[in-house]
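Take full-length UniProt numbering: the final residue in the sequence shown is number 332, and no numbers are missing along the way.
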Amino acid sequence: MNALRGVKVVELCGVAPVPFCGQILADFGADVTLINKVTSSFSAGFTRNKKIIQLDYESDIAKIRDLINEADVLLDPYRPGILEAMGLDPSILFDSNPRLIVCRISGYGQTGEMRMKAGHDLNFLALSGILPLITNANNRPWPPANILSDFAAGSLSGAFGILAALAERERTGRGGVVDASITDAVTYLSSFLFAHKENKLIWDEQIGCFKGNNPHYRIYSTKDNKFIAVGALEPKYQIMVMKTLGIDVSLITKFKKLTAIMEEKFKKKTREEWTQIFNNIDACVTPVLDIDEVQNNSLQRSRGIFKDGDALPQPSPRIYPSTIYAKISSKL
């Protein structure tokens, strides 16, 4: 995909959100140069489609500045003030490159009372109001994999901010700073929840979909100690699930009793057996895959999500030119 062909990006060496943001841009055709530190062997692993060079961040700062002067985008992975201390203050960089876009991805943003505080994915989730929705069996907030904050909020919001800034530059002719606070972004991602704070279907301890007690929106253990996800929010899907399991549909609102029955039913077959049964039933029931299983799953194979020799998933979304999409859609 070459939608960003011609966009030159300089990525400074950092962890998690910025390297993946750089990979997103590179995957969509941007010319991304990652400047690794000669004094460090650390690699975040997101190097696909990037040009990688090694420079000393002190003695080679003039070379780094020259690269930035020729770039459209600078990716800053540091806390506020670090870029300035390196001699790369954006206000000075703009003097020699007024079209430059500086994307500064940080935990708490460039302003505000916590701007200089350290933090990681778990901390950003904790301050967004989302963490209490991610609980363990004892109903305590539980550290999830660092997808929501670091990558969905940090990397993707940074990439979107860059695209918005590039569009704005086309109108004004000038660049600017993208202040991508991970905490802001994961809170923004939660807009649906803020908009529905009074919705019992979401929040109620007994029937709330996100509380784990709604039998129609729940994870069930199977005979082989694997799991099946039931996401039957709408009554028509709930009825299909219940009929497939051989359960009296009059129990559709008897949540406590229904949960116990569904737990017992799902325990009678393996995950694969249930998968085959529900493959032919459009009822919002899917297997819960381990990360090692995803690459060979039939859905991912049919979509070409993975390529031989590349351990990382292919970029998403896909962008089809209108002429190509017409050919694809005609075969559906």
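Every residue, glycine too, gets a C-beta built ideally from N, C-alpha and C. Source: prediction; values computed, not measured.
Buried or exposed (CB count within 10 angstroms, at least 16 for buried), residue i
i, result
"tryptophan 142", "exposed"
"residue 339", "Past the boundaries of the shown model lies residue 339; the chain is included only from 1 to 332, so the question cannot be answered."
"glutamine 23", "buried"
"leucine 34", "buried"
"proline 287", "buried"
"glutamate 11", "buried"
"arginine 218", "buried"
"isoleucine 130", "buried"
"valine 15", "exposed"
"tyrosine 188", "exposed"
"alanine 62", "exposed"
"aspartate 72", "buried"
Sequence-distant residues of the same chain with beta carbon closer than 6 Å to residue i, five excluded per side
i, result
"aspartate 56", "Val38"
"phenylalanine 28", "Met1, Ala3 and Leu4"
Integer Cβ distance of residue i from residue j, believed to fall under 8 Å
i, j, result
"alanine 180", "glycine 161", "5 Å"
"cysteine 21", "alanine 159", "5 Å"
"aspartate 150", "aspartate 121", "5 Å"
"glutamine 110", "proline 80", "5 Å"
Contact set for residue i: own chain, Cβ-Cβ below 8 Å, skip 5 residues either direction
i, result
"isoleucine 328", "Tyr320"
"residue 339", "Any answer about residue 339 is impossible in this case: the structure gives the chain only from 1 up to 332."
"leucine 289", "Asn297"
"threonine 275", "Ile228, Thr286 and Pro287"
Own chain partners of residue i with C-beta closer than 7 Å, once the 5 adjacent residues on each side are dropped
i, result
"glutamine 206", "Asn213 and Phe255"
"tyrosine 237", "Ala283 and Cys284"
"lysine 223", "Lys267, Lys268, Lys269 and Thr270"
- Using 8 Å as the threshold, is the segment 181 to 188 in touch with the segment 46 to 56, meaning 3 or more CB pairs across them? no
- Hey, is the segment 119 to 131 in contact with the segment 83 to 101, meaning 3+ C-beta pairs nearer than 8 Å? no
- Tell me the start and end of each unbroken beta strand (DSSP E) in the segment 117 to 144 that is at least 3 residues and wholly inside, in chain order. List check, beta strand (DSSP E) in window: nothing returned.
- Curious, which full-length alpha helix (DSSP H) runs of at least 4 residues does the segment 136 to 214 contain? 156 to 172, 182 to 189, 191 to 195 and 200 to 203
- Would you check if there are 3 or more beta carbon pairs closer than 8 Å linking the segment 250 to 258 to the segment 208 to 223? yes
- Message: I'd like to know if the segment 239 to 252 and the segment 270 to 289 are in contact, where contact means that at least 3 CB-CB pairs between them fall below 8 Å.
- Response: yes
- Residue ranges of each beta strand (DSSP E) run of no fewer than 3 residues wholly in the segment 17 to 105, ordered along the chain? 31 to 37, 51 to 55 and 73 to 76
- Item | contact_flag[the segment 100 to 108, the segment 156 to 176] where n(CB pairs < 8 Å) is 3 or more | yes
- Would you list, in sequence order, the uninterrupted alpha helix (DSSP H) runs of no fewer than 4 residues that lie entirely inside the segment 218 to 278? Segments of the alpha helix (DSSP H) lying fully in the segment 218 to 278: 235 to 245 and 255 to 266.
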